[in-house]
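In terms of the UniProt record's numbering, the numbers along the sequence shown are unbroken and rise by one, the last being 740.
We put the beta carbon where it would ideally sit given N, CA and C, even for glycine.
These numbers come from a predicted model, not from an experiment.
Encoded as C-alpha cells, the structure appears first; notes follow it.
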Amino acid sequence: MRLVDTKRIQLAHFDDDKIPKYAILSHKWEQEEVLFQDMQQGTALNKKGYAKLESCCRVARDNGFQYIWDDTCCIDKTSSAELSEAINSMYRYYQEADICYAYLADVSALSELSDSRWFTRGWTLQELIAPHDMIFFDREWNALGTKMSLVEAISHRTGIPAFILCDSEQIETTSIAQRMSWAADRVTTRKEDRAYSLMGIFGINMPLLYGEGEKAFYRLQEEIMRVSEDHSLFAWRHSGEHGGFLAPTPSAFKDSGNIIPWNPFTPYNSPFTLTNKGVHMDAPFIAQDESGRGIVILYCAEAGRRNELIAVHLRDVYLTMEHYERCRTKEFETVDLNHFNFIQYPVRTLCIRLQTRDPRPRDRRSRVAPEAPLGKVYSSLSAAAVAGDEGAVWLLLAQTGALTGASGDDAQSAICLAARGGHERLVSQLMTQRDTSNFLVDRTGRTVLSHAAEFGHEAVVRLILSTARVQPDAKDDLGLTALWYATRNGHKEIVALLLATGVVSANVCGKGESALWHPASRGDFDLVRLLLEHGAVDNEAGQTALCEAASKGYARIVEALLINKASPLEAKGLNEQTAFRQAFTQGHITIMSLLVSYGANIEAKDLENRTPLCYACHKGDEALVEFLLEHGANTEARDVKRQTPLLIACVEGNQSLVEFLLKHGAKTDKLDSVGRTPLARAAMWGNVSMVKLLLENGADPRATCSNGKTAASYAVGKETKNLLTEGRWYRAVLNRTGSK
1 MRLVDTKRIQ LAHFDDDKIP KYAILSHKWE QEEVLFQDMQ QGTALNKKGY
51 AKLESCCRVA RDNGFQYIWD DTCCIDKTSS AELSEAINSM YRYYQEADIC
101 YAYLADVSAL SELSDSRWFT RGWTLQELIA PHDMIFFDRE WNALGTKMSL
151 VEAISHRTGI PAFILCDSEQ IETTSIAQRM SWAADRVTTR KEDRAYSLMG
201 IFGINMPLLY GEGEKAFYRL QEEIMRVSED HSLFAWRHSG EHGGFLAPTP
251 SAFKDSGNII PWNPFTPYNS PFTLTNKGVH MDAPFIAQDE SGRGIVILYC
301 AEAGRRNELI AVHLRDVYLT MEHYERCRTK EFETVDLNHF NFIQYPVRTL
351 CIRLQTRDPR PRDRRSRVAP EAPLGKVYSS LSAAAVAGDE GAVWLLLAQT
401 GALTGASGDD AQSAICLAAR GGHERLVSQL MTQRDTSNFL VDRTGRTVLS
451 HAAEFGHEAV VRLILSTARV QPDAKDDLGL TALWYATRNG HKEIVALLLA
501 TGVVSANVCG KGESALWHPA SRGDFDLVRL LLEHGAVDNE AGQTALCEAA
551 SKGYARIVEA LLINKASPLE AKGLNEQTAF RQAFTQGHIT IMSLLVSYGA
601 NIEAKDLENR TPLCYACHKG DEALVEFLLE HGANTEARDV KRQTPLLIAC
651 VEGNQSLVEF LLKHGAKTDK LDSVGRTPLA RAAMWGNVSM VKLLLENGAD
701 PRATCSNGKT AASYAVGKET KNLLTEGRWY RAVLNRTGSK
C-alpha cells in the first residue's frame with residue numbers, strides 16, 4: 001500500500017503487515033489532480049490539485065498523522081492490475097483509516113452542505129459509509145463538523161439511515177434494495193464505475209473490465225446472488241421494457257429504499273442457482289392469462305407492511321413453464337397474505353432470464369410468440385399442452401370440433417410443446433386425432449419426434465415411432481435430424497431407439513457435424529461406442545470428434561475412435577492444431593501416447609511455427625520434453641525466431657532441460673535469430689552453471705557468433721569470464737570433449 005508522507009509530501013510504500021496509522025481523503029476529483037506519475041517525476045507542484053494535497057497533509061500533520069492516502073496519487077492507474085486491486089480494496093482502505101477527511105470544494109458554509117456535488121458522486125458513497133471517524137471541510141479547509149455531529153443532515157440528504165452512518169458494521173442488516181437505493185441518484189464518469197463503486201458496499205470482489213459498459217452492473221448483481229438470498233435484489237422499477245430479471249442500472253432502485261427481506265413461511269430462502277439460462281429460484285407464481293403472463297411473489301415487503309409481499313410481473317416466453325422474463329417493469333404488485341391461497345399457488349422452481357434480451361436476430365426456433373388475446377384457442381391450447389392438462393386439451397378440442405378448428409400454428413405448437421414436455425398421454429391424445437397429420441411438423445420444419453428426442457423423453461419417442469406417422473430421419477429447416485438433437489444432449493436411449501429403426505443412419509446428423517462430435521466433446525464414452533457400433537465416422541474438416549476428445553482428455557474415446565478409424569488422425573481443428581497438438585497443449589500425455597502409437601505427427605507446428613518440443617521447452621515442462629524426446633522429436637527444429645529447443649531452454653535459464661536435451665544429442669553450435677550460440681547466451685547472463693554444463697557437453701568456447709565474437713566476449717561476471725578464458729579449464733574441457 002502506498003501512502004503520502006505528510007511532512008515531505010512524498011510517496012512511501014508499506015507491506016500489508018506494516019501499514020502505519022493513516023488519514024484518508026475523500027473528495028470530488030477536479031481538473032489537474034496530482035497523479036502517481038507526478039509524484040514519481042517530481043511534477044506534482046505544477047498541478048492545481050497540489051494545493052488540495054498539501055492542505056490535506058497539513059491538516060493530517062496537525063492531527064498527529066504522518067501519512068495520508070489519496071486515491072489520485074497513491075494508485076498507479078496505468079497498471080490495470082494495480083487499479084483492479086485498489087478498487088477491490090477501496091472500501092477496506094476507508095474502513096481501516098483512523099480518520100477520513102471529506103473535502104467539499106464547492107461549500108463555503110455549513111448551510112450549503114446538502115448542495116455539495118460530493119453527495120452526487122458514485123465513489124463517495126462507500127467513502128461516506130466505511131470510515132468510523134470522519135470530518136467534513138469547506139473549500140478553505142475549515143472544519144464543518146464530523147459525521148456524528150452532522151448525522152441527521154447527512155441521513156436526510158442521502159437516505160442512509162443514521163444508525164448505518166454511525167456504525168458501518170450494521171450495513172449487513174439492510175436489504176440489497178435499500179443499499180442500491182442509496183446509489184440511485186449518484187453518477188460516475190465511467191459507466192462501469194457505477195457498479196465498481198458499489199462492490200465494497202456489498203462485500204463483493206470481481207475483476208474490472210472497463211469497456212463493458214452497463215454489463216458491469218449485471219455482473220455485480222450476479223455476484224451478489226452468489227452470496228445473498230435476498231429477494232429485494234429484484235424489487236426495482238424501470239421505465240424500459242427490457243425483459244431481464246436484474247435491474248439495468250442502480251437508478252431502478254430509486255423508490256426501493258423501504259423494502260426489506262421478509263419470508264413469513266420459512267426462516268431462510270432457498271439459494272439461487274445461476275446458469276447460462278438465468279437464475280433458478282423457488283417462489284410462488286400466479287399465472288394471470290393464457291399468453292404466459294403472471295406474477296412471481298418475492299420474499300420481501302415494504303417496511304411496516306409485512307402482510308403484503310411484493311410481486312413482479314413475469315412472462316413465460318415459450319409457454320413451456322421453463323423460461324421466464326420480466327415484463328411490465330414500471331410497476332410492482334402486492335399480494336395480501338390474508339387472501340392468498342397457497343394451495344392453489346404453491347412454490348415452484350422458476351428459471352428467469354437475468355439480462356436484457358439480446359437485440360440480435362434470433363434463430364427461428366427461439367422466436368417469441370406474439371401474445372394472443374384472452375380466450376383464443378391458440379393460446380389456451382398451447383398453455384394446456386405445456387402444462388400437460390389432458391382435461392383442458394380435451395375440452396378445447398371438443399369446443400372447436402377437433403384440431404382443424406384451431407389455427408395451424410396453434411395445433412403445431414400444442415403437439416410439439418406436449419412432446420417437449422414429455423407428456424406421453426397428451427401426445428397420444430393429440431396424435432390420435434383424425435386430422436393430426438398436417439400438424440406433426442412445426443413452422444421451422446421440426447417434427448414432433450425431434451422435439452421429444454431433444455429433451456430425452458424416451459416414452460414419447462417410443463410412442464411416436466410406434467405410430468409410423470413421422471419420418472425418423474426427417475431434417476428440419478436447418479438440416480438437423482432427431483438424431484442430432486438426441487446426440488447433442490446425450491440421450492443414449494433415444495439414439496439407440498432411432499438407430500434401431502434401420503432408417504436412421506449414424507452418419508446423417510445434419511449441420512455439417514458428425515453424430516460423434518457432441519458425445520466426444522462431453523466425454524460420453526457409452527454414446528460414442530453405440531454410434532461406432534452402428535458405423536459412425538467423422539470425416540468432416542475442422543475440429544473433429546478426435547480433436548475434441550483429445551483436447552479434453554477423454555482417453556477411452558480417443559482410443560475407440562482410433563481403433564475404428566472413425567476420425568482423421570491429422571485433421572486440423574482449433575487454431576489449426578491436430579488432435580496430437582491439442583492433447584499436447586493440454587498436457588494429456590496418455591492421449592499423446594495413443595496418438596503417436598497410431599502414427600500421429602509429433603512435429604506438427606502451431607501458428608507460431610513452433611514444434612511441440614520447442615513449445616514444451618518454452619513452458620519448461622520436463623514431462624512433455626521427456627515424452628517428445630523419447631519418441632524421437634527433432635532436437636534441431638527451429639521456431640519462428642529460429643531458435644532450437646536447446647536455445648529456448650538456454651534463454652529460459654532452464655538448466656535441467658538443457659542437460660536433458662544435450663543427453664539426447666542436441667547440437668551446441670546452432671545460432672539463434674541474432675546470431676549467438678547457446679554458450680554466448682549463457683555467458684551474457686552470467687549463468688556459471690549453464691556455461692559449465694555446455695562446456696562439459698561439447699560446446700566449443702572458440703566457436704564464433706555471426707559477428708565473429710566468441711562467448712568470452714559476452715561473458716558477464718568474474719567467474720563466467722574466468723571459465724571462458726582460464727587456460728587450465730580451457731584445455732581440460734577441450735581434452736575431455738575431444739575438441740581439436
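Euclidean distance between Cα positions of Ile297 and Ala247: If I take the Cα positions, the gap works out to 17 Å.
Rounded straight-line distance, which links the Cα of Arg315 to that of Ser428: Whole-angstrom Cα-Cα distance: 28 Å.
Three-state secondary structure (DSSP) of Glu543: Looking at the sequence shown, residue 543 is not Glu but Gln. In the structure shown, Gln543 adopts coil according to DSSP, grouped into three states.
Boundaries of the alpha helix (DSSP H) in which Trp69 is found, first to last residue: Under the DSSP assignment, Trp69 falls outside any alpha helix (DSSP H), being part of the beta strand (DSSP E) whose first and last residues are Tyr67 to Trp69.
Coarse secondary structure for Thr6, derived from DSSP in three states: Note: Thr6 maps to coil in three-state DSSP.
Euclidean distance between Cα positions of Leu3 and Val59: C-alpha separation (whole angstroms): 15 Å.
Between the CA atoms of Cys614 and Leu574 - distance to the nearest angstrom: Leu574 and Cys614: Cα-Cα distance of roughly 20 Å.
Unbroken beta strand (DSSP E) run spanning Arg293, endpoints: Counting along the chain, the beta strand (DSSP E) containing Arg293 begins and ends at Arg293 to Glu302.
Bounding residues of the beta strand (DSSP E) (the contiguous stretch that carries Cys705): The continuous stretches of beta strand (DSSP E) do not include Cys705, and DSSP gives it neither H nor E.
Assumed close pair His664, Leu629 - CB separation to whole angstroms, cut-off 8 Å: His664 to Leu629, Cβ: 5 Å. Contact.
DSSP-derived helix/strand/coil call for Arg522: Arg522: helix per DSSP, three-state reduction.
Of the listed residues Leu208, Gly122, Cys327 and Asp167, nearest to Gly243 (C-alpha basis): With distances taken between Cα atoms, Gly243 lies closest to Cys327.
Other residues of its chain near Leu531: CB distance less than 6 Å, five sequence neighbours each side excluded: The residues are Ala506, Ala515 and Leu516.
Chain D contact for Ala496 (CB, 7 Å cutoff): The structure shown has no chain D; it contains just one protein chain.
Boundaries (first-last residue) of the beta strand (DSSP E) holding Met134: First-last of the beta strand (DSSP E) with Met134: Met134 to Phe137.
Segment contact flag, the region 247-264 with the region 304-311, C-beta cutoff 8 Å, min 3 pairs: With a cut-off of 8 Å, the region 304-311 and the region 247-264 count as touching, because enough Cβ pairs lie within range.
At least three beta-carbon pairs within less than 8 Å, the region 51-65 to the region 80-90: The region 51-65, when compared against the region 80-90, does not touch it at the 8 Å Cβ threshold.
6 Å Cβ shell around Ala486 - same chain, five flanking residues per side excluded: The residues are Ala453, Ile494 and Val495.
Spatial distance of Leu128 from Gly422 (CA atoms): Looking at the two C-alpha atoms, the distance is approximately 56 Å.
Among His238, Ile415 and Asp193, nearest to Ile464 - alpha-carbon criterion: Distance from the Cα of Ile464 is smallest, within the candidate group His238, Ile415 and Asp193, for Ile415.
Check whether His238 and Thr329 have beta carbons under 7 Å apart: If you check the CB distance, His238 and Thr329 come in under 7 Å.
Under the three-state DSSP convention, the category Glu222 falls into: In this structure, Glu222 counts as helix in the three-state DSSP scheme.
Touch test, the region 177-195 against the region 138-145, Cβ-Cβ under 8 Å, three pairs minimum: Verdict: no, contact absent.
Under the three-state DSSP convention, the category Asp282 falls into: When secondary structure is reduced to three states using DSSP, Asp282 falls in the strand class.
Proximity below 7 Å, CB of Ile160 to CB of Trp182: In this structure, the beta-carbon distance from Ile160 to Trp182 falls below 7 Å.
Cβ distance (whole Å) where Thr158 is taken to contact Phe119 below 8 Å: The beta carbons of Thr158 and Phe119 sit about 6 Å from each other, so the pair counts as a contact at 8 Å.
Cβ-Cβ distance between Val470 and Thr447 below 7 Å: With contacts defined as CB atoms closer than 7 Å, Val470 and Thr447 qualify as a contacting pair.
Endpoints, the alpha helix (DSSP H) within which Asp473 is located: Boundaries for Asp473: no alpha helix (DSSP H) harbours it, and the DSSP string shows neither H nor E there.
Those residues which DSSP pairs with Gly145 across a bridge: Paired residues: Phe136.
Supposed close pair Cys705, Ala682 - CB separation, criterion 8 Å: In fact, because the Cβ distance is near 13 Å, the residues do not count as touching under 8 Å.
Of the residues Lys475, Glu458 and Arg219, the one placed nearest Asp442, counting alpha carbons only: When the alpha-carbon of Asp442 is set against those of Lys475, Glu458 and Arg219, the nearest one is in Lys475.
Sheet register partners of Cys100 (DSSP bridge): According to DSSP, which records beta bridges pairwise, Cys100 is partnered with Ile24 and Met134.
Whole-angstrom C-beta distance between Pro284 and Tyr345, which should lie under 8 Å: About 5 Å; that satisfies the 8 Å criterion.
Under the three-state DSSP convention, the category Lys376 falls into: Note on Lys376: pLDDT 36, under 50, position unreliable in the model; the coordinate value appears next. When DSSP states are grouped into helix, strand and coil, Lys376 belongs to the coil group.
CA-to-CA distance, Leu724 to Glu659, given in whole angstroms: One C-alpha to the other measures close to 19 Å.
Same chain, Cβ closer than 6 Å to Met1, neighbours up to 5 away in sequence not counted: Closer than 6 Å at the Cβ level, and outside the excluded window around Met1, lie Phe14 and Ile19.
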